[in-house]
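Position 4, counted from 1, in the sequence shown is what the numbering used here calls 643; the numbers after and before it change by one each time, with no gaps.
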Amino acid sequence: MAWELLEVSEPGYAYIILGGFVVAFSVVSLLVKEKLYINEVVLGTGFGVLMGPHCAKIFDPRGWTSDTNALTLEVMRVVLATGLFAIGVELPGAYMARSAKSLMVMVVPTMAVGWVISASFIYVIFPRLNFVAGLLISACLTPTDPIISAAIVGGKFAVKHVPLNLRRLIAAESASNDGMAYPFLTIAIYVLTEANAGVAIEKWIVLGWLYQVVLGTLLGAVLGWLFARVMKYTHRQGFIDRESYVAQYLALTVLTIGIASTLGVDDLLAAFAAGSAISWDEHFNVQIENEVFSSVIDLVLNCACFIYIGAWLPFDQFNSPELGVTPWRLVVLFIIVLLLRRIPVLLLLYRWIPEIRSWREALFTGHFGPMGVGAIFVSTLAIIKLEESAARTEQTEVLKQTIHPIVTFVVLCSIIVHGLSIPFFSFGKNVRVRTVSLSRTLTANQNTPPDWLLWARRPGTTSSRAPTRPGSPDNDAERGVLRQRGESARRGGDGDGTGEDITVDDGFGAREMSQENLAKEPHMPLGEAAMFVEDGPTQTDTAADQEEQDISEEPVSLYDQKQPVHDEEMRETSIHEEPEPEREARNVRFAPASE
């Protein structure tokens, strides 16, 4: 009787899996995101793979409907449009106008060169695809995914170590080039489906550029501007409350993509343009300040989307020799795309991008060009467009079957590599700090006698103390202690070679040291001496500890200065370049000699 009451269904499983993951992730979100630097993108995708038809066989989006492509397209569309609208809103007012030069360099030449490079290697690696088919698949891989980029550059590690202007540039570029993928896709589709090349070029200019891109951008900007005017008017009249502002965050996104997709224009660019226009004067930003509802929406949508992607991935199609798709070809393609799609172009062009101030930042920006939701959206759209076309050639049929295996494999690898890059960098940084600290300790103690020898009396050994300066403290505690034997140091002087000689106790008796002997001392130089002064440990003692604290506590960016300060430079400065006034101010003495 009890078993008859159970209603096991696909929707029930979906609600349990999606809701359960969000609940579990929220419980440990601080630990996972702020300590391990792992975001919901990687975890959601992995969880989807485990729950999907290839592992637990509980969550199978492909079994929900016969038209999986249409379902996938709409899921990706909503998540992408919401993310793009959010980026547009969160950028400072008029940011797109102020950074137009940088964005033009980042979007147009970077995308175009990466598009051609990727297409060339696709043509070489996969024997059944011609160059035009390679251009179509490359168009799916060209845009930077805004969802993964936002999750990466918005994390705690990036906030500490990546300058704000660079994070904004990456966010704006990822939002812009997602919509700009339409022209790269449509030119390949028109060439494949149109018999006349002239007709293909004409359609590409009129439809692909003027109608879809230009009109879509204008539509989004006008909708955002009108909506901003209406919201300001109703706010002045007292017709709207604060909560309704946040609700419009999602409502305007849905309205924009609904109008844009109905008209057949670029709905992704329209959503981004609407978000930028509504926050142009920053009135909307002020009203939703300190509201967390938008962040909650983003988190839930991102988790649901990447769980869907993980369960939807066509693992069984990654090895299709009849189509020329094999695992080793896919791996080679991903490595080439990862290394050549963005990095070489940005290393050449970063001097024309004011926000990128060094080749290291150019390398960082080039590396963080992940492929994810946008690539799946564009590839699914390409399949639907090819199916709607009347052209039925062998190349189009092969292309429809190979787009998803190639694109989704690259997306899966990109999620793993880019999603785990920050944890890898953080782990490597911590290991290096601990290694340097340990090696410094071992070097300091390598030829040093044990501590008990410091206080042991040696028979027949006499010692003398250096004469004290008039007025100097006689008490040992007042002068401080130099705790390291076998180290050279001076008391007093102005750093130019003057100053009194001092007595050094190396554990085998005390001896007077002149300036010449100090320079010849075989142990650690003064800059590396582990001093203990009246007001606590010196900078040398705490260099490694302070750097370790900077990683986990102090939100200081290494890029705050005009030229980046890197770990080794900062470590060398803290050890070897102690400011002269501080050195002069120290009152030190050596450990008491044996009498």
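Glycine included, C-beta positions come from ideal geometry on N, C-alpha and C.
| query | result |
| --- | --- |
| Inter-stretch contact (C-beta, 8 Å, three-pair minimum) for the region 944 to 958 and the region 980 to 999 | no |
| Which residues DSSP lists as bridging S959, in chain order | V964 |
| Those runs of the alpha helix (DSSP H) which lie wholly inside the region 764 to 804 and span at least 4 residues | 770 to 780, 785 to 792 and 795 to 800 |
| Assigned exposure category for E643 - 16 Cβ within 10 Å defines buried | exposed |
| Spatially closest choice to Q1034 from A913, Y884 and T832, by CA coordinates | T832 |
| Spatially closest choice to S757 from L972, I1023 and F1016, by CA coordinates | L972 |
| Between the CA atoms of G847 and E618 - distance to the nearest angstrom | Here the chain covers residues 640 to 1234 and nothing more, so residue 618 does not appear. |
| Status (buried if at least 16 other CB within 10 Å, exposed otherwise) for N941 | buried |
| Own chain residues within Cβ distance below 8 Å of L657, not counting five before or after | C942, A943 and I946 |
| Check whether G855 and D905 have beta carbons under 7 Å apart | yes |
| Local Cβ density within 10 Å of K740, reported as buried at 16 or more and exposed below that | exposed |
| Under 7 Å between C-beta atoms of A950 and F698 | yes |
| Touching by the beta-carbon criterion (3+ pairs, under 8 Å), the region 744 to 752 and the region 1015 to 1030 | no |
| Cβ-based burial, L712 [other Cβ within 10 Å; buried from 16] | buried |
| Extent of the continuous alpha helix (DSSP H) run through C1052 | E1033 to G1058 |
| Euclidean distance between Cα positions of W703 and W991 | 49 Å |
| Top-ranked residue by Cα proximity to T825, from N835, I844, A834 and D817 | I844 |
| Boundaries of the alpha helix (DSSP H) in which S738 is found, first to last residue | Per DSSP, S738 belongs to no alpha helix (DSSP H) and is neither H nor E. |
| Rounded distance between the beta-carbons of T1032 and V964, thought under 8 Å | No, V964 and T1032 are not in contact; Cβ-Cβ is about 19 Å, not under 8 Å. |
| Same chain only: Cβ atoms within 6 Å of E994, ignoring 5 sequence neighbours per side | S741, N804, L805 and L808 |
| Cβ-Cβ distance between H1057 and P1009 below 7 Å | yes |
| H922 (DSSP reduced to helix, strand or coil) | helix |
| Which listed residue (G727, P966, L969 and L1002) has its alpha carbon closest to that of L978 | L1002 |
| Nearest residue (CA-CA) to D787, options K842, V681 and E729 | In the sequence as presented, Asp is not what sits at residue 787; that position holds Ile. Comparing Cα-Cα distances from I787 to each of K842, V681 and E729, the minimum goes to V681. |
| Which of helix, strand or coil DSSP assigns to M745 | helix |
| P966 vs I677 beta-carbon contact at 7 Å | no |
| Cβ-based neighbour list, A789, same chain, cut-off 7 Å, excluding 5 preceding and 5 following | G722, I726 and A810 |
| Under 7 Å between C-beta atoms of M735 and S915 | yes |
| Beta-carbon spacing of A720, A910 below 7 Å | yes |
| Nearest to A663 (by Cα), restricted to the options L865, A653, E679 and L675 | E679 |
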